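Right, one structure below, let's go through it.
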Amino acid sequence: MYQLGLLADAFVAIFSQLDVLLGVVLGSVVGLLLGATPGLTAVVGMVLLIPFSFHMSPLAGISMLYAIHKSGNYGGSIPAILMNTPGSPAAACTQLDGYPLTQQGKQGKALKTAVTASALGDLASDFVLIFGTVYVAKIVYAFGPVEMSGVLFFSLTLISTITGNSMLKGLFSTALGLLIATIGLDPLQATPRFSFGITEMEKSLDVIPVLVGVFVVSEVLVQIERKMSATSMSVAPQTGNPDDSRLTVREFKSILPATGISYVVGQVIGVLPGLGGAVAPWIAYGQVKSFSKHPEKFGKGSLEGVAAAEASNNAVCGANLMPMLTLGVPGSTDAAIIMGAFLIHGLELGPNIFTQQTALVYGIFASGLIAIAIYFFIGFFLAEKIGRMITKFPRHIIYPIIMVTCFIGAYAPNSSLFDVGIMIFFGLIGYIMRKFSIPVAPMVIAFLLAYKFETALRQSLIIGDNALVFFKHPICLTFILLAVGTVSFTLIRDRKRDKTVK
Amino acid sequence: MKPVMHGREARLGLFMVLISLLLILWLIPGYVELYTLGMYAEPLLNPRSFPYLVSGFIGLLGIAMLFFSYWKPASEKTVSELPRDAKLRVLGVLAISTLYLWLITLFGYLLPTFLGTLLLLRIFGEQRWWLMILISAGSAGSLYFVFGRIFHMMMPRGSIDFFYGF
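Going down the list, the protein sequences come from chains D and A.
Mapping of the first sequence onto my numbering: position 353 corresponds to residue 353, and the numbering continues sequentially without gaps.
Going from the second sequence to my numbering is simple: count from 1 and add 502.
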């Protein structure tokens, strides 16, 4: 339990460094507000604040992004409950029971249930992250290039097949990310590839312009399709009964089993690369409903339903960081952005980070716990006020400001206007991909992993002399078989779905 | 059910095949140096191997996409077309972004950011001129202050920059 000592040191460090503490507070508040605003997700907030994090210490910058990830995941539940509009894809399941409660005038109860379940799920997931990750890292430490090739191959396959509705489109998105990452210097011989004589393209494309373009500029383009005017959203009034706006001890006890089951679902799904918070709530909701004593109440305003969706949704946050820290494989889009921040600060992810950057890693863990406390208190006491405030947000003014922040954000890391052009280009690419229902997350994750993947592949070939090397190492072979299994499972699932459509 | 060619997916499949051919036949041989010394000259280890692998994979995916698009159920065929004014707004944002990028090289950061924000606000539907001017000036100024003054970043400088050193 030496982790407790490291965690205590991390808390002392955070409370003695004003920039870290401010970063966590700012991240928690910004994440909550963006998560709670339909059309603006925590991902947008994280990408927009990455350039700011570049000018902060690694701990302050990465902690701020981690805080946005956590509070943004919770924040999505506020409009889902109050306005029947999820603030994030992960909160879509929360509205099934959250909004019926609002219609009954019990939005206070629903919001308190949501924030309590979110915080509990998040907390449990963080404890596994803090106390368990180092053991995973010890296993991964023994991995050589061949094993890493297997792990990365499986991760990329999983991300491609499970994200989005079409496996082929997911695989295309991944291949596109791998291809884009080949622009620049070759990782082993440092010969230029696809530079077309442009000096800026002789080094690899920078992470920030790609992230800002794909996630934020493309989102702005999607939003501009709709003519924006003053928002028409409104929040139903509360009943006069004070019992309707609080969570009683009995109700709290009643949601604990649902929270526990959902936490397990969120933890397992969060560890798998690519799945993220959008899938976990639906699986958890189904599981909790099947175990519930009152399944008939689901969909009509069940507190268990709200707790199930929210606990699993936030349990994903800590779990997402496990593969990222140990293997350098992000568990979700949010984790990919955090990984981008690590890269910007010149920090290499993998098992060595636990020995080389111990203070940083435990500092991030501690800041995650602080973020949970912040969003819990804000959510518990102010969620309804935030919901009412969100209805007054002039989104047609926010998007242009976001866009000009994107320009300076893409320019900031290298003081390069070329990067601003890259951002606009990737904004267009992201927009076109969305129009063709091609998921963008696999492309970004593949872009981030490509360097490591290509290096591992080619180093393996040098070690083994031929391609059979991948089948001679049992760990690599296991991951290849898992990848084949994932593809087969997805093909069978898609075939069944197509038959149902027919 | 009679098989129907699923137009949008077929176009995507065709695009993937074409991209793959373009890469394999022209871009990789033309723009990726071939290493000819020692073990890195071997086909699987040279700098072209990974791009070839990925490009070939994209081609195979394209063929698969074309094949499956033929067998897709007809119910998935309908795709909602974007209204003309929405298309114009999207193109407007892209045009403003490109114009902004060009103006920065001439006038530096402040003036193009002010103008860019103003035009974006208009395209997003804001009608009140006084508010547009206030927000544009406020956002350009505050971003300049945060990045240029607090973070000490070198802000873009234009060839006819009225505000340089401000």
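Glycine included, every Cβ here is placed at the ideal spot set by N, Cα and C.
Given the structure is predicted, the values throughout are model-derived calculations rather than measurements.
Residue i - containing alpha helix (DSSP H), residue span
| i | result |
| --- | --- |
| Val503(D) | Because chain D spans 1 through 502 in this model, residue 503(D) falls outside it and cannot be assessed. |
| His396(D) | Arg395 to Tyr411 |
| Arg586(A) | Arg586 to Phe609 |
| Lys70(D) | Pro58 to Gly75 |
| Trp282(D) | Ala280 to Phe291 |
| Ile317(D) | Ile is not the amino acid found at residue 317(D); the sequence shown has Cys there. Here the alpha helix (DSSP H) through Cys317(D) covers Leu303 to Leu327. |
| Tyr451(D) | Ala441 to Gly464 |
| Ser638(A) | Trp631 to Leu645 |
| Thr174(D) | Met167 to Ala181 |
| Met46(D) | Ala42 to Phe54 |
Minimum Cβ-Cβ distance from residue i to chain D less than 8 Å
| i | result |
| --- | --- |
| Glu583(A) | no |
| Ile625(A) | yes |
| Gly618(A) | yes |
| Arg651(A) | no |
| Lys579(A) | Legend: pLDDT at Lys579(A) = 48, less than 50; position of this residue unreliable, no value from coordinates given. |
| Lys504(A) | Because the pLDDT at Lys504(A) is just 46, under 50, the model does not fix this residue reliably, and the value given afterwards should be weighed accordingly. Not an interface residue. |
| Leu523(A) | no |
| Pro549(A) | yes |
| Ser661(A) | no |
| Ala588(A) | yes |
| Val519(A) | no |
| Gly509(A) | no |
| Pro658(A) | yes |
| Leu605(A) | no |
| Tyr533(A) | yes |
| Ile526(A) | no |
| Tyr554(A) | no |
| Leu516(A) | no |
| Arg630(A) | no |
| Ile565(A) | no |
Closest residue to residue i among the options (Cα-Cα distance)
| i | options | result |
| --- | --- | --- |
| Val43(D) | Val404(D), Pro442(D), Ser88(D) and Ser245(D) | Ser88(D) |
| Pro351(D) | Leu360(D), Leu325(D) and Ile364(D) | Leu325(D) |
| Val271(D) | Phe54(D), Ser332(D), Val220(D) and Ser367(D) | Ser332(D) |
| His654(A) | Gln3(D), Ile159(D), Gln287(D) and Pro413(D) | Pro413(D) |
| Leu120(D) | Pro38(D), Leu360(D), Ala315(D) and Ile180(D) | Ala315(D) |
| Val556(A) | Ser118(D), Gly39(D) and Leu179(D) | Leu179(D) |
| Gly35(D) | Tyr74(D), Gln17(D) and Phe15(D) | Tyr74(D) |
| Leu514(A) | Phe436(D), Val469(D), Asp419(D) and Ala450(D) | Phe436(D) |
| Thr199(D) | Asp122(D), Thr174(D), Ser173(D) and Phe418(D) | Phe418(D) |
| Leu536(A) | Leu461(D), Asp465(D), Phe194(D) and Lys289(D) | Phe194(D) |
| Leu101(D) | Lys138(D), Val484(D) and Gly301(D) | Gly301(D) |
| Ser173(D) | Gly184(D), Pro187(D), Leu158(D) and Phe342(D) | Leu158(D) |
| Val140(D) | Glu384(D), Met443(D) and Val329(D) | Val329(D) |
| Ala450(D) | Ser204(D), Ile386(D), Leu26(D) and Val30(D) | Ser204(D) |
| Val279(D) | Ala90(D), Ser16(D), Gly72(D) and Val136(D) | Ala90(D) |
Residue i at chain A interface by Cβ criterion, 8 Å
| i | result |
| --- | --- |
| Phe436(D) | yes |
| Asp186(D) | yes |
| Arg495(D) | no |
| Ser173(D) | no |
| Met576(D) | Any answer about residue 576(D) is impossible in this case: the structure gives chain D only from 1 up to 502. |
| Leu205(D) | no |
| Arg193(D) | yes |
| Val420(D) | yes |
| Tyr411(D) | yes |
| Met503(D) | Any answer about residue 503(D) is impossible in this case: the structure gives chain D only from 1 up to 502. |
| Ile198(D) | no |
Whole-Å CB distance - residue i paired with residue j, under 8 Å assumed
| i | j | result |
| --- | --- | --- |
| Gly299(D) | Leu96(D) | 5 Å |
| Phe365(D) | Ala8(D) | Wrong, their Cβ atoms sit about 11 Å apart, outside the cutoff. |
| Val212(D) | Ala410(D) | 5 Å |
| Tyr602(A) | Met657(A) | Contact flag wrong, Cβ pair sits at about 14 Å. |
| Val222(D) | Tyr431(D) | 7 Å |
| Gly260(D) | Ala284(D) | The Cβ separation is near 10 Å, so there is no contact. |
| Ile635(A) | Leu620(A) | 7 Å |
| Pro553(A) | Ile521(A) | Rounded, the Cβ-Cβ distance is 12 Å, inconsistent with contact. |
| Asn163(D) | Val487(D) | The displayed chain sequence assigns Thr, not Asn, to residue 163(D). Between Val487(D) and Thr163(D) the Cβ distance is about 14 Å, and since that is not below 8 Å, they are no contact. |
| Ala446(D) | Leu156(D) | 6 Å |
| Pro58(D) | His345(D) | 4 Å |
Below-8 Å beta-carbon distance, residue i vs any chain E residue
| i | result |
| --- | --- |
| Thr182(D) | Among the protein chains of the structure shown, namely D and A, there is no chain E. |
At least 3 beta-carbon pairs within less than 8 Å: the segment 292-303 of chain D vs the segment 311-324 of chain D: Because the criterion of three Cβ pairs below 8 Å is not met, the segment 292-303 of chain D and the segment 311-324 of chain D do not touch.
Touching by the beta-carbon criterion (3+ pairs, under 8 Å), the segment 61-71 of chain D and the segment 365-385 of chain D: yes
Cβ pair count under 8 Å reaching 3, the segment 142-153 of chain D against the segment 463-477 of chain D: yes
Inter-stretch contact at 8 Å, needing at least 3 Cβ pairs: the segment 560-570 of chain A / the segment 580-596 of chain A: no
Sufficient close CB pairs (3 or more, under 8 Å) joining the segment 108-120 of chain D to the segment 374-387 of chain D: Output reads yes: the segment 374-387 of chain D touches the segment 108-120 of chain D.
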